[in-house]
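Q: Just passing along the structure, written as structure tokens.
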Amino acid sequence: MTEEYYAHSRLDGKPPSEWQPLEEHLINVAKIARSFAESFDAGIWAYLAGLWHYVGNIRNHAISLLYPMKLLHLLE
């Protein structure tokens, strides 16, 4: 069973059904970063940085902004 992770979800007060999946968030950030960095030929590096920008949050679930769906009952 794989866990679903969400980005910035608990900060905006939306219900879990409206939370943004982490994968979607990372790809969106990567694309935006690439679009800014392409003007100085660093698009691929910016894209990679966008994909990796959340890696520190995954390391420690206790203080992370990422929540697996199976832990939602703890938020109620």
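Each step along the sequence shown adds one to the number in our numbering, with nothing skipped, and position 56 is 1242.
C-beta atoms are modelled at their ideal positions from N, C-alpha and C, and glycine is treated no differently.
Quick caveat, the model's predicted, so the values are computed rather than measured.
Hey, could you find the ends of the alpha helix (DSSP H) Lys1217 is sitting in?
A: Taken as a continuous stretch (DSSP letters only), the alpha helix (DSSP H) holding Lys1217 covers 1208 to 1223.
Q: Short of 6 angstroms in beta carbon distance, which residues of its chain neighbour Leu1237, apart from the five on each side in sequence? Order them along the chain.
A: Around Leu1237: Leu1212, Ala1216.
Q: With a 10 Å radius around its C-beta and 16 neighbouring C-beta atoms as the bar for buried, classify Leu1208 as buried or exposed.
A: Label assigned to Leu1208: buried.
Q: Using the C-alpha atoms, what's the distance from Glu1210 back to Trp1231?
A: Taking the straight line joining both Cα atoms gives about 19 angstroms.
Q: Report the CB separation of Ala1219 from Ala1193 in whole angstroms; it is logged as a contact under 8 angstroms.
A: 15 angstroms between Cβ atoms; not a contact.
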